[in-house]
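Everything in the sequence shown is counted per our numbering, starting at 49 for the first residue and increasing by one.
Down below is the structure, laid out as structure tokens.
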Amino acid sequence: MLFRDRRPSLQGHVAFACLSPRPAGTRAVGFSLAWHAGTVSTKVLLGVSGGIAAYKAAELVRRLREQGAEVRIVMTAAAQSFITPLTLQALSGNEVRTDLLDPGAEAGMDHIELARWADLVLVAPATADLMARLAAGLADDLLTTLVLATTAPIALAPAMNHRMWLHPATQENLARLRGRGVRILGPAEGDQACGERGPGRMLEPSEILDAIALRSGSQLKGRRVIVTAGPTREALDPVRYIGNRSSGRMGYALARSLAARGADLALVSGPSALTPPSGVDLVRVESALEMETAVMERIADCDIFVAAAAVADYRPEEPAQKKIKKSHAELSLRLVKNPDILAQVASLAQRPFTVGFAAETQDLEEQALKKLKTKGLDMIAANLVGGDTGGFERTENALLILWPGGRRSLPLGPKSRLADDLTDLILERYLAHPPSQNP
Ligand code: CTP
């Protein structure tokens, strides 16, 4: 059987990109990545400096450890005002270091040994102040001393107010650090804790993991995956259309997450302002019919199909050839049903592992179960739309994942994290239960 033969095994596919230390005195230009199969542990020295984004360090530690990394943490004095060392100690399983010359800690692993121990020094968040101290080569606390003493690659995830980020002083520091081979991850643009908008938001932990390639794996290497994303537009006339509020965020995050596991990924996207993840084959479409064509053209050798798009259920029967004029008191539209792309894929004789979404305003589980059964899916991710639990046009969401005989709730969180967790579940189910073929 085509699909069964091609599915990977669960064993021996936890691959980590190990970051080779650069020889002393040489300048690292980006990371040198070496791929190893097996449970290779990467030693990550995580520096946390004092910004509001320090709370994200807790999630970052959890995620690094999930990926098999060993994590040791160094906090600046200011960071401790935002998150306690005890929290990070509990999550990392290692004592958190805060002082340069702590006699107790130095008796164990001294700061030079700690600098040598690391495969990677990751500073998240990196504040404007920390970047300035690093650019100047100061060694006035444990973290800056370690950064000077290490030969491991260094990555910074900046987080600060957008004006501070854009200030010439910060930009000069940034250029100096980059010039020394320090890798800069982000920052992202968006709403900031200070209530303003602009570049300066720290990347989400999952984005940092992707950037440093620890999360990457080869479980889906050689597998073909199609993800649909975004809204569709159903033309009324040459200038107007029926659309919906989907931003494409969930689909794009899933595409990024699945591609990071090695999938050969086609992202069939309705109109979206988002930047597509690198390395995916982006197929832009407008209407449901175009999306159907784009999917069906590529479905023959597809292993996993994820329908995250908000496809319009109906389209105007006959879009006007010319702009509709407001010459009538009333205007009636006649709509006809669009093909259900998801149901069509799930009913193929040689079907891929098929995952659907359900956006509901009520009776979430009941409605999602009904869709799982009637469309014959392997999995469905359901979310409530409207209310305060996320949904369209938001960066956060909560999902209820159902499959035949099982369920899991993914609590409210960034869509990037939900996408990673959903990808884990898809992988788990796909590997253990390949799709049964239709008669
Ligand atoms: N979907 C699709 N093609 C369509 C409509 C929906 O592929 N023409 C997919 C969506 O991408 C999503 C799933 O079907 O994965 C659920 O869509 P949803 O609109 O929530 O459910 P419907 O089945 O359309 O039912 P209803 O609108 O009545 O709730």
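C-beta: ideal position from N, C-alpha, C; glycine also.
All of these numbers come straight from a predicted model, not from anything done at the bench.
Mind checking whether the beta-carbon of residue i lies closer than 7 Å to any heavy atom of the ligand CTP?
| i | result |
| --- | --- |
| Val359 | yes |
| Pro387 | yes |
| Ala356 | yes |
| Gly303 | The question names Gly, but residue 303 in the sequence shown is Ala. Answer for Ala303: no, Cβ out of range of the ligand CTP. |
| Thr276 | yes |
| Phe401 | no |
| Leu390 | yes |
| Lys463 | no |
| Phe405 | yes |
| Ala336 | yes |
| Lys419 | yes |
Quick check: residue i and residue j, are their CB atoms within less than 8 Å of each other?
| i | j | result |
| --- | --- | --- |
| Ser294 | Ala358 | yes |
| Met208 | Gly156 | no |
| Thr198 | Ala166 | yes |
| Phe401 | Pro483 | yes |
| Leu178 | Ala203 | no |
| Val393 | Thr409 | no |
| Arg272 | Asp329 | no |
| Arg145 | Leu214 | no |
| Met339 | Thr280 | yes |
| Ile100 | Ala241 | yes |
| Gly246 | Thr276 | no |
| Ser457 | Leu448 | yes |
| Ala308 | Asp258 | yes |
| Gln485 | Ala355 | no |
| Ser140 | Arg465 | no |
| Leu168 | Val92 | yes |
| Leu315 | Leu268 | no |
| Ala336 | Glu282 | yes |
| Ala467 | Ala236 | no |
| Val96 | Ala102 | yes |
| Gly278 | Ser320 | yes |
| Ile290 | Ala360 | yes |
| Leu162 | Arg120 | yes |
| Leu420 | Leu379 | no |
| Ala391 | Lys423 | yes |
| Thr192 | Arg181 | yes |
| Arg231 | Ala183 | no |
| Val384 | Arg399 | no |
| Leu94 | Ala106 | no |
Following the continuous alpha helix (DSSP H) through residue i, name the residue where it begins and the one where it ends.
| i | result |
| --- | --- |
| Met298 | Arg297 to Ala308 |
| Glu154 | Pro151 to Gly156 |
| Arg113 | Lys104 to Glu114 |
| Met212 | His210 to Leu214 |
| Asp469 | Lys463 to Ala480 |
| Pro325 | Counting along the chain, Pro325 falls outside any alpha helix (DSSP H), and DSSP gives it neither H nor E. |
| Glu340 | Ala336 to Arg346 |
| Leu190 | Leu190 to Ala197 |
| Ala416 | Leu412 to Thr422 |
| Ala241 | Premise fails: Ala241 is in no alpha helix (DSSP H) and is neither H nor E. |
| Ile389 | Ile389 to Ala394 |
For the beta strand (DSSP E) that residue i lies in, which residues bound it at each end?
| i | result |
| --- | --- |
| Val169 | Leu168 to Ala174 |
| Pro206 | Ile202 to Pro206 |
| Val331 | Asp329 to Arg332 |
Using the DSSP secondary-structure output, state which residues sit across from residue i in a beta bridge.
| i | result |
| --- | --- |
| Leu313 | Val273 |
| Val21 | As shown, the chain starts at 49 and ends at 487. That puts residue 21 outside it, with no answer to give. |
| Met123 | Val96 |
| Thr454 | In the sequence as displayed, the identity of residue 454 is Gly instead of Thr. Note: Gly454 sits in a beta bridge opposite Trp451. |
| Arg249 | Ala236 |
| Gly488 | Any answer about residue 488 is impossible in this case: the structure gives the chain only from 49 up to 487. |
| Ile131 | BP columns for Ile131 are empty, so no partner. |
| Glu161 | Answer is none; Glu161 lacks a bridge partner. |
| Lys91 | Glu118 |
| Glu282 | Ile290 |
| Glu444 | Pro462 |
| Arg231 | Ala203 |
| Arg145 | Val122 |
Tell me, please, whether the CB atom of residue i is closer than 8 Å to any CB atom in chain C?
| i | result |
| --- | --- |
| Gly246 | Given the protein chain composition of this structure (a single chain), no chain C is represented. |
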